[in-house]
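One structure is given below, encoded as structure tokens.
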Amino acid sequence: MALILALLLRACALAPLRGLTGLDFCPGRAVAADVGALVREAADLERIARDKAADCAFRAEPTAPPEPAPEPVPELTPDPAPPPIEDEIDRRTEKLNRGDLEISLVWNSVADLDLRVDFDCPGTGPTSISFSVKGKVVCGGKLDHDRNGNPPVVIDPVEHVLWADEAAIPPGPMRIGVIHYKTNDDDRPVPFTVEVRRGENRQHFEGVASPDPTRPLLPVTTIDN
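In case it helps, mature numbering (1 follows the signal peptide of the UniProt record, and there is no 0) puts the sequence shown at residues -15 to -1, 1 to 210.
Next comes the structure, spelled out in structure tokens:
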């Protein structure tokens, strides 16, 4: 644009001489009316060039790669619910004898727990059924199954006392208890369940037996006959 103006001024500077010769003609005057248009057009072109350059520079800049999609979080599958306690007791006692009164002790440990039932036997007095009389009939009742007292030990043991005949069940209260006899290398407290079953009537009592060198009797419940 500066070059155009310089040429126009140089051309118009010859006007006095041309007047003396009778030639009053200046090329600058012929195009003076278009100078403003040329200036505006040049400015427009310059702006367009700047915009193009900026656009090219923007397109040339590398774009950051998209962030990877987060990996899906796997759904946790809950552990299966344990079977109902009645079903579990039925499973553990299915090969044992049935009776009109059954008392079962179940737990989940290799520790040795012992079931004990205390009562008054008519004509005899205070009597107990426990591991010390296993397999013997005492006042009509019997401990017919004891577990984890000797190897092999199992993780799902059961102990079972029964009276096969309703008529042989001694009258009066029966006190049911549990003894933690030995750990078998499992020193943890042992949760347990005692079931008292008479026909279709089933009652459940829960407790926890802890290792103790004195082997105390843990009272569970008392039933009346």
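Ideal Cβ placement from N, Cα and C applies to all residues, glycine included. If you're wondering where the values come from, they're calculated on a predicted model, not measured in any experiment.
Separation of the CB atoms of E71 and R187 is rounded to 6 Å, and the pair is thereby assigned contact status at 8 Å. Measuring C-alpha to C-alpha distances from N210 to each of R101, D85, P198 identifies D85 as the nearest. For M159, the closest alpha carbon among the candidates R132, P196, L100, F116 is that of L100. Between L98 and F190, the beta carbon gap of about 14 Å keeps them out of contact (Cβ cut-off 8 Å). Remark: C-beta atoms of V143 and V102 do not approach each other more closely than 9 Å.
By the C-beta density criterion, V193 is exposed, having fewer than 16 other C-beta atoms within 10 angstroms.
Between the C-alpha atoms of D129 and I114 there is a straight-line separation of about 10 Å. For E144, the enclosing beta strand (DSSP E) has its first and last residue at 143 to 148. If you draw a straight line from the Cα of S89 to the Cα of E60, it is about 39 Å long. Counting along the chain, I164 sits inside no alpha helix (DSSP H); it lies in the beta strand (DSSP E) bounded by residues 158 to 167. Here I74 carries a helix assignment [DSSP, helix/strand/coil]. The secondary-structure analysis by DSSP pairs A54 with nothing; it has no beta-bridge partner. Taken atom to atom, the span from the alpha-carbon of P136 to that of P57 is near 48 Å.
Residue pairing from DSSP places R101 in a beta bridge opposite G162. Taking R200 as the centre and dropping the five residues before and after it, the same chain places the C-beta of I164, H165, Y166 closer than 8 Å to its C-beta, in chain order.
For the pair W148 and D171, the Cα-to-Cα distance works out to about 32 Å.
Nearest Cα to K127 within the set V205, G157, E87: E87. The beta-bridge partner set that DSSP reports for V138 is empty.
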